[in-house]
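Protein chains in written order, with our numbering: chain A, 1 to 365; chain B, 1001 to 1609.
The beta-carbon is built from N, C-alpha and C at its ideal position, and this holds for glycine as well.
Below is one structure, written out as structure tokens; comments come after it.
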Amino acid sequence: MKIDRRLIFNFDWMLVLFVALIVCIGVLNLYSAGHGISGEPYLKQIRWVLLGLFVMVLTFAFDYRWIARYAYVVHALAIVLLIAVFAVGAVTKGSQRWINLGGFSMQPSEIVKITLILALAKYFNDHRVEGKYGIRELVAPFLIVLVPFVLVLRQPDLGTALMLMILFGSVVLFVGIRWRALLGLAAVGLLLIPLGWNFLAEYQKERVLTFIDPERDPLGAGYHIIQSIIAVGSGGIFGKGFMKGTQSQLKFLPEQQTDFVFSVFAEEWGFMGALLVLVLMLSLILWGLKIAQHSRDYLGTLIAYGVTMMVFWGVFINVAMVLGILPVVGIPLPFFSYGGSSMLKMMVAMGLLMNVSMRRYVLQS
Amino acid sequence: MLEKPDKLVRYDPGMYRDRFTFFFWVILVAVCLLVLRLWYLQIIKGEDLLKRSENNRIRIREVKAMRGIIVDSRGVVLVENRPSFDVVIFPEDVKDLKGLVEKLEALYTKVNLTFPMDYETILENRRPFTPLRVDRNVSREKLALIETHSLELPGVGIDVMPVREYYYGEIMAHVIGYIGEVSRDDLERDKAQKSGDLIGKFGLEKALDSFIRGKAGGEQVEVNVIGKKVKTLGRVEPSQGYRVVLSLDAQVQKAAWTALEGKAGAVVALDPRDGSILALVSRPGFDPNLFNRGISTDLWEKLSSNPLHPMENRAIAGQYPPGSTYKLIVAAAALEEGIITPETAFNCPGHFEMGTRTFRCWRKQGHGRVSLHRAIVESCDVYFYNVGKLLGVDRLAQYAQAFGLGTRTGVALVGERRGLIPTREWKLTRFGVPWQPGETISLSIGQGYNTVTPLQLANAYAAAANNGEYFTPRIVKRVETDDGEIIEEYRPEKKAVLPVSQENIQLLKKALWGVVNEAGGTGGQARVAGRDVAGKTGTAQVIGMAEGDDGSAYPYEYRDHALFVSFAPRDNPEIVVAVVAEHAGHGGSAAAPVARKVLEAYFAGKPKP
């Protein structure tokens, strides 16, 4: 196959720059956050970044339209993996999320976020309507999200399950939904909350209640939130300096290399550092929106938009949780939190963005 | 070629400009919200929070759960908790560790004690937010010493560890077991455990640990500059371990223990109607209270080198030749197989010839012509030699297995042994030598390769006592909460029914009654007035002895084992008692009185029929 020169010409260097900056800061921060923890998480994270780069290249090497053809198949495979988790998955902290694939373990619930975006993009690209979507047209795409949603909820992983619904909602809002349908769905959603409540595991109920009243769980979430707020606040304007965060180095912070990794950063680099990271994240997200807006076709728009929203919600929910304005739900911070599945997922997402971006001028023969 | 030309080749994203604008603003507002919150925390509250972080006084402290108590079937408390105190260091409250250790050492020296740890060890074992135990199980005096100097010892605290108080000490040691500090292996297997936790190590403490352990709670506390709690910010109560109700009867257990005084051996008492174990004694014993906080090397050395193996639970792990107690099974097999009738009689001249070998009866002058009833009552060996010869080893083994011998009873205790019921095939595979006819002769009076545990023996007699039906022995009745809500119930489990007719069972029970109550019976010493005791004596040879030798001249380990198995009352048996007294001589004189005392304790206060 001859590589189209325009592909190289249109390579999105800005996107690469944003990702590179964010990943570097993330690894640097992990060096500090994981200091003294066995296995030096930052070293493992670098390995995941390198593997991620490879996967990213792989993702943009093939035209996204070709990839989208297999969207349903890939999504179905991801669902099979989610089911497999129940059969052979490992239990950590009371929930079954991991599956072991000869030597390394992965979280199918991370993969399913990507396949969901692809499947929804394909669906709405193939089924366009005049004007906006009504309830009846949304039943099929809703099933696309409902199956993995229920499976992830059963693991139980409340954060990821909600993330799937939020992604679905974001896409539906974008493709257009009739007001009546939106109100109807909202009403049904409200009615389903009490039902869903019974569906939650005891500890998940606790978490939601803890958000409303942190005193409920003084040894867990209540403590996490307090220590995280102390860490972030004590950073002040310029922070305590790299590797000098007392909260993090003395291990007051819970989950400080995964969910609460941003507290470590905010403590050590202060308002200026945290602002820089948020601005970088915002730039990446807005750049992603721009890619979506200037895509060659509707499918590209939907894919780019979907992954951009995934980054946005990841950043927003995680940082809001760390800053104590959202409940502790266990959503990792994109590019920052330690973890292979999450890093690979983000790199695939970036590969998709690049894919759409560099083919924006390529017209088909 | 990629795909068919899209209908919207001239795709105009401008169509969606409004939507992009909408999401652009959503995202911008959301990020601004985060920045505002950051501003509030880091710039407005920054000073405050900086102080709080420099002086972070919020801690999570674990609150230990109490282990569940254990009671007997009448509700008598067998095990409870008492506090034990540890001196701990909270690493996050120590500014100058070296100085602190020096101060502690000085303090200990002042009262002529040695501080049991040094600076290097402490430094090495220090983990963030884990109280480090530097001195365990300290005396009240040391406790007071630390408390009075607490102002000079920042970061040093006292941690209360609930440990066990075993009220019945060695009497129940083998059944209840003991606890100890969690080992490294346990820690790896069970992530819920923390280093320093106390867990069950032996007996029921171990077998039921997950029920007894409970769940630790914790406190979020604010501490002052020396690490002392000033305020509780939140607390999660620990959940107490569950209460365990045993089938054991402390009174009977105690009587059995006392009755076996001065002997090594085991006593098992159980209820034949449902398999409930009423007493399970193994002598010699050990004091489980010594294990609470780790046993000293000296004591351990002493326990493990004792030739009588006090740690072994003989009631389930001791394997003894059953001696004449086996005759019940031989008789049942022969009756069922039609080899004998109750009237079949053999002549006993005091010995039995088989090829070139001579087998003796325990009674030198012989019993004359005896049929089954008298043969059991007087325990005539020659009668059973004749029966065994006709029956053969394999048919006998079949019946022994039907009585539950040769396999574990399945009692919920760790360390149960199987015993051994030999067959022709077994001998060929085990030794590569065919079975010798003479071996069957020994076997028919319970000598030879066959061994049983006291529990198996009790259960085999329970089968006969209960008219053929018998149960898996159970020692735990139920596990419940403090309020009596049942968590786990262990119901009687029917194990099997003997392949013996009711007619034959009644016949045999009558003969066993005769052993204790008829003139010439070997078990007269087990008689309890008004209770209709039935039973069978057994004297198991350890080595062959010359004719008429009572063994008293031999060294201890060569003397005969004394056995006695009994049940009462004959017609509606409520209790079976099996006694094995190692190297104690004759079953009738050394074991039967032990059984009598146990029966007396059981029937004490019960109205006579």
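Using a Cβ-Cβ cut-off of 8 Å, state whether residue i counts as contacting chain A.
i	result
B:F1384	no
B:K1045	yes
B:V1035	yes
B:S1084	no
B:L1420	no
B:L1308	no
B:L1049	yes
Nearest to residue i by CA position, among the options, is which residue?
i	options	result
A:G222	B:N1224, B:K1215, B:L1233	B:L1233
B:N1572	B:G1318, B:L1457, B:K1510, B:I1058	B:K1510
A:V329	A:A78, A:A119, A:W98, A:T160	A:T160
A:F260	A:A320, A:L167, A:R154	A:A320
B:R1017	A:Y305, A:S357, A:P108	A:Y305
A:E255	A:I79, A:R65, A:H35, A:A84	A:H35
A:G339	A:A20, A:T258, A:W287, A:S295	A:T258
B:A1592	B:Y1554, B:N1517, B:Q1541	B:N1517
B:V1565	B:N1081, B:T1423, B:V1268, B:V1377	B:V1268
A:I285	A:L158, A:P334, A:G241	A:P334
A:F174	B:R1019, B:V1414, B:E1047	B:R1019
B:E1165	B:K1302, B:E1582, B:R1293, B:P1310	B:R1293
B:N1504	B:V1094, B:V1330, B:A1030, B:W1426	B:V1330
B:G1468	B:R1273, B:A1595, B:Y1320	B:R1273
B:Y1167	B:E1080, B:H1174, B:E1141	B:E1080
Chain B beta carbons: is any one of them nearer than 8 Å to that of residue i?
i	result
A:T422	The displayed coordinates of chain A run from 1 to 365. Any statement about residue 422 of chain A would go beyond what the structure contains.
A:V319	yes
A:F60	no
A:G52	no
A:L323	yes
A:F11	no
A:G270	yes
A:L262	Correcting the residue type first, residue 262 of chain A is Phe in the shown sequence and not Leu. It does not; no Cβ of chain B falls within 8 Å.
A:F265	no
A:F316	yes
Alpha carbon to alpha carbon, how far is residue i from residue j?
i	j	result
B:N1112	B:L1145	12 Å
A:A33	B:P1091	20 Å
B:E1439	B:T1409	26 Å
B:L1328	B:Y1554	30 Å
A:I291	B:G1217	52 Å
A:T246	A:Y42	19 Å
A:M56	A:L120	21 Å
A:L280	B:K1103	52 Å
B:L1457	B:G1446	12 Å
A:M272	B:D1159	44 Å
B:I1421	B:V1163	43 Å
B:A1590	B:P1437	32 Å
At a cut-off of 7 Å, is residue i close to the ligand SAM when judged by its beta-carbon and the heavy atoms of the ligand?
i	result
B:P1307	Absence of the ligand SAM is noted for the structure shown, with no ligands found whatsoever.
Between residue i and chain D, is there a C-beta pair that is closer than 8 Å?
i	result
B:L1097	In the structure shown, chain D does not exist; the protein chains are A and B.
Subject >> Inter-stretch contact (C-beta, 8 Å, three-pair minimum) for the region 52 to 71 of chain A and the region 334 to 351 of chain A >> reply: yes
Subject >> Interface positions of the region 218 to 252 of chain A facing chain B (Cβ-Cβ less than 8 Å), listed along the chain >> reply: P218, L219, G222, Y223, I226, Q227, I229, I230, A231, V232, G233, S234, G235, G236, I237, T246, Q247, L250, K251, F252
**OP:** Using a Cβ-Cβ cut-off of less than 7 Å, give me the residues of the region 1214 to 1240 of chain B that come near chain A, in sequence order.
**Re:** G1218, Q1220, L1233, G1234, R1235, V1236
Subject >> Residues within the region 1017 to 1042 of chain B neighbouring chain A, beta-carbon criterion of under 9 Å >> reply: R1017, R1019, F1020, F1022, F1023, F1024, V1026, I1027, L1028, A1030, V1031, L1033, L1034, V1035, R1037, L1038, W1039, Y1040, L1041, Q1042
Original post:
Residues in the region 1052 to 1063 of chain B with C-beta within 8 Å of chain A's C-beta atoms, listed in sequence order?
Top reply: R1052, S1053, E1054, N1056, I1058, I1060
Original post:
Quick check: the region 1350 to 1361 of chain B against the region 1376 to 1396 of chain B, are there 3 or more CB pairs under 8 Å?
Top reply: yes
Original post:
Residues in the region 325 to 345 of chain A with C-beta within 7 Å of chain B's C-beta atoms, listed in sequence order?
Top reply: I325
Original post:
When Cβ atoms are compared, which residues of the region 274 to 287 of chain A fall closer than 9 Å to chain B?
Top reply: A274, L275, L278, V279, M281, L282, I285, L286
**OP:** Select from the region 288 to 313 of chain A all residues with a C-beta closer than 7 Å to any C-beta belonging to chain B, and list them in chain order.
**Re:** L289, Q293, H294, S295, R296, D297, Y298, T301, F312
**OP:** Compile a chain-ordered list of the residues in the region 155 to 183 of chain A whose CB is closer than 7 Å to at least one CB of chain B.
**Re:** F174
Original post:
Does the region 1308 to 1321 of chain B touch the region 1371 to 1385 of chain B, meaning 3 or more C-beta pairs lie closer than 8 Å?
Top reply: no
Subject >> Three-pair Cβ contact test at 8 Å for the region 1278 to 1288 of chain B versus the region 1252 to 1266 of chain B >> reply: yes
Subject >> Meets three-Cβ-pair contact criterion under 8 Å: the region 1597 to 1604 of chain B and the region 1243 to 1263 of chain B >> reply: yes
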